[in-house]
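Numbering (UniProt numbering), first residue to last: 1 to 673.
Remarks on the structure that follows.
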């Protein structure tokens, strides 16, 4: 999340629908999904095609799967039946009993009681609400009825367990939170016991009422509620609020002006919620509940930005250096805006050091260039190892801030030294590449593309467009690292690439000339036949850096569609050239340092064709390129088809060699049919 990079993406076929949230099996590190209510899918992170993943069709519709860290996944069916995943996979078509009748499940949760998983779910029927407690390994089921509340009904539920008692919290439509205690140890098999509830909290303060849509339990004395805060005479405002249930006070709150989906999640002292079109992660830390703290927070609730309970600064967009002015937000701010991977170095012990870095950067804001760079070099050399990454990020941010304030200032050598010698990421210095783009510093951009693991697709596209836009004459006088191209692009004394004869996996181009109806004049075939590089050394090295940058197709494709047609054709010609070069080698690997792989080349070719296929078909200058690419791919397919035909014979020959007495000398002629 800190790097803003999707790590995996899987899709079901057209017409199929994922019908319950996907979960992770903590024991096997597998993902579990259900589509079309009954079809179970299980796959691992390295699996690419979801359609080829493990599939099991069940006999009943699934409501939800719950994954417990120590108990494995538990499956809840819409009829109220419960199975552990292991039992279900032994016989996927086993009959699932209907526990509920004419009821609809509204909520479910799962817990561990010792070594036994416990699943709880709430149902509704004609305005009445029921709670079921199931222990699938013991085949134990208990049903309860919730005590009715006049003129109001439950909107959402959450629960937590302690000392073999489940505490169920219900958010009602009368803007109140009620508490229901459910004992797990039952000696009697009474039918439909009535559960009494007690008022836990009224969601109102200073005349304003919170219309809640979702709530989560933080710990025994604090809950968080997401909803719309309505004040008399004012428009309702969506807010995330934290309440002290022990003293009935509002601990802190934050307005969410971009709106939310109404859903709130909590995991490992972090809130997860959608704010506008983005997923927002907000870190918090529960304080010891005391009357003084509760009253103090209630008094300061109008200025929650200074609250140490929650790091609200993840919702802001101010510059990093400015955030160091607020002592309460320093440690968490550096985490949320830079990189969560440095989290192990933050916390109470790391706060004074981080603050001193921020104060130093503020003091150097107006210092001379010489003083600034000397102080920053000393700061990097003295930074303790656990905080080094965060400190370097602050240093780079300070330099890029000065570049933006003073267009004439650009410490290229200093920035290159930092990027080449330090383990940085895009999220640690998000303005660095934007500044380098503005300054046309292609060497710095090349190094960033090769080293940063988390570059957004928009920035990758911006670099690609900038590289393709630069003229070869301009690049001749530009410093670029050529290690990735110098070993496979031959250059003569005039610095022009020498065309070499290529044997394309045993096939001659003339033999397949009839495979495409397009007739290409002989005089123009040298441009797109893959024999000569369509770009110079410098531009080839820069384009290789783009090929190395990680991306997600879904996010990159919309940007690629904006690439001008001529640049798209030039890029495709270069990719085709690389493809042909790779095919010269038996192991399809290009020589050199950080040279692109065959998979990277193929992926980018497919991506570029997806983005510009209509334009490519229409443009006359692209017809030759597409024709040659088509013929070359068909030759490759034919070649591998021939290899597949003799694969069985070669395996049989290998088997016969193992059976034959190796000491006997013989000459045999084997005919491969």
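Note that CB positions come from ideal geometry on N, CA and C, so glycine has one too.
Residue 73 sits in a strand when the DSSP states are folded into three classes. Counting only residues of its own chain and dropping the five nearest sequence neighbours on each side, residue 53 has a CB closer than 7 Å to the CB of 41, 42, 43 and 47. For residue 462, the closest alpha carbon among the candidates 474, 480, 442 and 473 is that of 442.
In the DSSP assignment, residue 178 is bridged to 170 and 199. Residue pairing by DSSP puts residue 244 in a beta bridge opposite 222 and 249. With 16 or more other Cβ atoms inside 10 Å of its own Cβ, residue 632 counts as buried. Under the criterion of beta carbons closer than 8 Å, residue 604 and residue 547 qualify as touching, at roughly 6 Å. Residue 194 is classed as exposed because its beta carbon has fewer than 16 other beta carbons within 10 Å across all chains shown. The beta carbon of residue 266 lies closer than 6 Å to those of 216 in the same chain, with the five residues before and after it left out.
Comparing alpha-carbon positions, the option among 596, 641, 197 and 553 lying closest to residue 610 turns out to be 553. Taking 7 Å as the cut-off, the Cβ atoms of residue 482 and residue 549 do not count as close. Contact between residue 397 and residue 431 holds, since their C-beta atoms are separated by about 7 Å, short of 8 Å.
Collapsing the DSSP output to three states places residue 21 in a strand. DSSP places residue 156 inside the beta strand (DSSP E), whose first and last residues are 154-162.
In this structure, residue 146 lies away from residue 177, with their beta-carbon atoms at least 7 Å apart. Here residue 159 really is in contact with residue 109; their C-beta atoms are around 5 Å apart, less than 8 Å.
Of the candidates 262, 131, 438 and 99, 131 places its Cα closest to the Cα of residue 167. Between the alpha carbons of residue 570 and residue 476 lies a distance of about 18 Å.
In this structure, residue 593 sits away from residue 582, with a CB-CB distance that is not shorter than 7 Å. Residue environment for residue 544: buried (at least 16 other C-beta atoms within 10 angstroms of its C-beta). Around residue 263, the same chain offers 214 as residues with beta carbons nearer than 6 Å, after the five sequence neighbours per side are excluded. Taking 7 Å as the cut-off, the Cβ atoms of residue 210 and residue 227 count as close. The bridge partners DSSP lists for residue 635 come to none. Sorting 136, 180, 163 and 143 by C-alpha distance to the C-alpha of residue 157 places 180 at the top. Here the C-alpha atom of residue 591 lies approximately 51 Å from the C-alpha atom of residue 75. Given a length threshold of 4 residues, the region 111-135 has no whole run of the alpha helix (DSSP H) inside it. Among the bridge pairs identified by DSSP, residue 64 is matched with 76. Here residue 155 is near residue 173, since their CB atoms are less than 7 Å apart. Boundaries of the alpha helix (DSSP H) harbouring residue 450: 442-451, taken from the DSSP string. By the neighbour-count criterion, in which a residue is buried when 16 or more other Cβ atoms sit within 10 angstroms of its Cβ, residue 655 is exposed. Shown here, residue 284 sits in a strand according to DSSP, grouped into three states. Taking the Cα positions, residue 440 is about 59 Å away from residue 117. Closest by C-alpha distance to residue 111, out of 126, 135, 90 and 97, is 135. Residue 31 and residue 64 have their C-alpha atoms roughly 14 Å apart. By the C-beta density criterion, residue 66 is buried, having at least 16 other C-beta atoms within 10 angstroms. The shortest CA-to-CA distance from residue 162 to any of 279, 81 and 114 is the one to 114.
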